[in-house]
Structures are given as C-alpha cells and as structure tokens.
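Below is one structure; the comments refer to it alone.
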Amino acid sequence: MNPHVTFRQLQVFESVGRHLSYTRAAEELHLTQPAVSMQVKQLEHVLGHELFDHIGRRVYLTDAGEILLHYSRRIAAELGDAKQALDDLKGVDGGRLRIAVVTTVNYFATRLLAAFCRAHPRVNVTLEVTNRNSVIKLLEENATDIVLMGQPPDSLELTAAPFMDNPLVIIAPPSHPLVGRRRVRLEALREEAFVIRESGSGTRAAMERFFQEKGLAPRTRIEMSSNEAIKQSVEAGLGLGLVSAHTVELEIAAGRLELLDVESIPILKRWFVVHHKRKRLSSTARAFVDHVMNATREIDRTTRRRRRSRHGSR
Ligand code: PGA
Numbered sequence: 530m531n532p533h534v535t536f537r538q539l540q541v542f543e544s545v546g547r548h549l550s551y552t553r554a555a556e557e558l559h560l561t562q563p564a565v566s567m568q569v570k571q572l573e574h575v576l577g578h579e580l581f582d583h584i585g586r587r588v589y590l591t592d593a594g595e596i597l598l599h600y601s602r603r604i605a606a607e608l609g610d611a612k613q614a615l616d617d618l619k620g621v622d623g624g625r626l627r628i629a630v631v632t633t634v635n636y637f638a639t640r641l642l643a644a645f646c647r648a649h650p651r652v653n654v655t656l657e658v659t660n661r662n663s664v665i666k667l668l669e670e671n672a673t674d675i676v677l678m679g680q681p682p683d684s685l686e687l688t689a690a691p692f693m694d695n696p697l698v699i700i701a702p703p704s705h706p707l708v709g710r711r712r713v714r715l716e717a718l719r720e721e722a723f724v725i726r727e728s729g730s731g732t733r734a735a736m737e738r739f740f741q742e743k744g745l746a747p748r749t750r751i752e753m754s755s756n757e758a759i760k761q762s763v764e765a766g767l768g769l770g771l772v773s774a775h776t777v778e779l780e781i782a783a784g785r786l787e788l789l790d791v792e793s794i795p796i797l798k799r800w801f802v803v804h805h806k807r808k809r810l811s812s813t814a815r816a817f818v819d820h821v822m823n824a825t826r827e828i829d830r831t832t833r834r835r836r837r838s839r840h841g842s843r
C-alpha cells in the first residue's frame, strides 16, 4: 500500500463508510465536515481509487471502498491488540474486552458478564449481540476478542471449547391441539406452519438441517429476526416455533407457551466459547474464557437435571 496513507485517514474513512454520511462521521470524530471530506479526498488520491459514490444526497461505498473498509477495520483491530498486549506487559488488570454473542446466547450472557465485571471492575467491556453470520464476520475481521456461539464454522481457523448444552425445542400456544400429546410423530408437523428466524441465524440453520435429514419440509409462515418476536407470534397463534430452550424459560414457567413432546426433539446442540487461532488473547480475555467455562458448569447441570425429570415425568 502507498506509504503516504495515514492511520488517521483510514479512521476517518471507516467512520464515513460505517455511517455512509460525512456529517455523522464529522460529529463522531469532532471534526468539521470539510476536514472529513479533505481526508477522504487525500486518501482517494494516494490510493488512486474513488471510495464513495455520491448519488443524489446519498453516499454509497464503491467496490474499492468496500475492500478498504474491511482492511481499515482489521488495521484498527490490530492496533488495539498491540495496545492491549503492551498493557498486559505492564500487568494491567483492566483494558478492554470485546465480546460478541449470538442473539440466543444473550439470554444468559448478561448474567455471565455481570459476575465477571464484579470480579474485574477495571475492565471496559463491549458486548455485541447479533446473529451467527454476523459474529463469524466479526471473527474474520478481528473485530472481537471472544465469541459465544453455536457450532463454530469449519471455514475459519478457530479455537473453540464447548461449555453448555443448547437444546432446541418446539414451542406452541397453550391452546394448540398438539399440546399435552405424548411422543408426537414428526410426520404430524407436516400440517403445521412455523414462524422461523432470519437466514444467517444459527437456530434457523440447525432447524433446516434437522428437517432435511428427516426428509420433512414443514411450512414456514413468517420469518423474524429475533427470538422475542418469534415467541410473541407463537403465543398469538401465528404458528409453531423452534427455538433454544434458554430463550423460553420464563414463558414456559408463566404458562404462556408450551413445549411440544415431539420425537427426536429436543435437537441437542452445544454452545462454544470461540476465538481466532491467530489471536493473542489478553490476560483479561483469558480470564473471561475461564469464567465462562466455570460459571456455566452449574447452569448446565441444572438444565440437564430439569430435562431428565421432564422426560421422566412423561
Ligand atoms: P442465532 O444463534 O440463531 O441467534 O444466530 C444460534 C447459534 O449460533 O447456533
């Protein structure tokens, strides 16, 4: 890359690229708008590529802009890691910790995090909650330290340790005719419509794989990008839902949703704590991984016990 590119230019470019707005980038970076466009112009000049298209009043990334945005984020992340590694040398118990979790994990991630922050009050934590495809992208771009997710992808070099069961269950409104029936055949689901997660969700991928293996293609009625929306739709009678058991504990306890007793369900998955193999973990990040492994052991035992007693009582 041209040696005249500066980190500041990349930082300004990244902010414009993220907001797709010079005004918002200027606000974020406490610069004037002309200063922001000047930095972007200089960068375009030294690189010999236009980075943005201006169509009407809107700003779009060009192909070159998309590529540079990806590398700008990686460079910023590497610099952050360098700072963290230097802080570690000084034995600092603090610094930053970037955690990303899939939406489904968020049901217990905040509790895990609260206990960790109590033990490490000087750590500055950012928690990103998004779906499976997006956390994979964060790992690719070195934009996170630790990820909590379902089955890690084979396509990346990752270090992954399973820490807890993730049973996927079928939920129904209490008035549904299959509620209370024992060992319902999978075949019976052919007649049912499902409310499903968006593509990119790990839950959705697991559901599709499961039904495909069983030679079934249940009807899907509506697609929704959050577990909360799915639960509410199921409760309102829009269809059945297939979700992680962790997401419905409260609704089941309150009698607002019911679990269906269907053969081969729950689908048993595991949660994993994951980081990129080439990433050097700070002592804070290592402490967080240990915390996840230790703190979830008890939750895992209780969930297994509950599951066994539910099956036993049928
Ligand atoms: P998601 O996560 O459905 O919230 O994407 C589940 C998973 O990673 O398996």
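Residue numbers for the sequence shown follow this note's numbering, beginning at 530 and rising by one. Think of the CB as a built atom: it goes at the ideal place given N, C-alpha and C, for glycine as much as any other residue.
{"Check": "Is it the case that the Cβ atoms of I751 and V724 are separated by a distance below 8 Å?", "Outcome": "yes"}
{"Check": "In this structure, how does DSSP classify E556 when only helix, strand and coil are distinguished?", "Outcome": "helix"}
{"Check": "Count the other CB atoms, across all protein chains shown, that sit within 10 Å of the CB of G731; report buried if there are 16 or more and exposed otherwise.", "Outcome": "buried"}
{"Check": "Could you check if V631 belongs to the surroundings of the ligand GTP, using beta carbon to heavy atom distance under 7 Å?", "Outcome": "Ligands displayed in this structure: the ligand PGA; the ligand GTP is not among them."}
{"Check": "Within the present structure, is the beta-carbon of R799 separated from the nearest heavy atom of the ligand PGA by less than 7 Å?", "Outcome": "no"}
{"Check": "Going by DSSP, which residues form a beta bridge with T591?", "Outcome": "T591 pairs with nothing; no bridge assigned."}
{"Check": "When every heavy atom of the ligand PGA is checked, does at least one fall within less than 7 Å of the C-beta of R733?", "Outcome": "yes"}
{"Check": "Could you tell me whether the Cβ atoms of A643 and M822 are closer together than 8 Å?", "Outcome": "no"}
{"Check": "Give a yes or no on whether the C-beta atoms belonging to A605 and E543 are separated by under 8 Å.", "Outcome": "yes"}
{"Check": "When DSSP builds the beta bridges, which residues end up paired with G770?", "Outcome": "I700 and V724"}
{"Check": "Ordered along the chain, which non-local residues of its own chain (more than five positions away) have a Cβ less than 6 Å from that of M693?", "Outcome": "W800, T825 and D829"}
{"Check": "Can you give me the Cβ contacts of R475 inside the same chain, cut-off strictly under 7 Å, excluding the 5 residues immediately before and after it?", "Outcome": "Residue 475 lies beyond the range of the chain shown here (530 to 843); nothing can be said about it."}
{"Check": "With contact counted as at least three CB pairs below 8 Å, one residue from each stretch, are the region 696 to 707 and the region 755 to 775 in contact?", "Outcome": "yes"}
{"Check": "Note down the Cα distance separating P681 from T561, rounded to an integer number of angstroms.", "Outcome": "43 Å"}
{"Check": "Using a Cβ-Cβ cutoff of less than 6 Å, which residues in the same chain neighbour Q568 once the five nearest sequence positions on both sides are dropped?", "Outcome": "Q538 and V541"}
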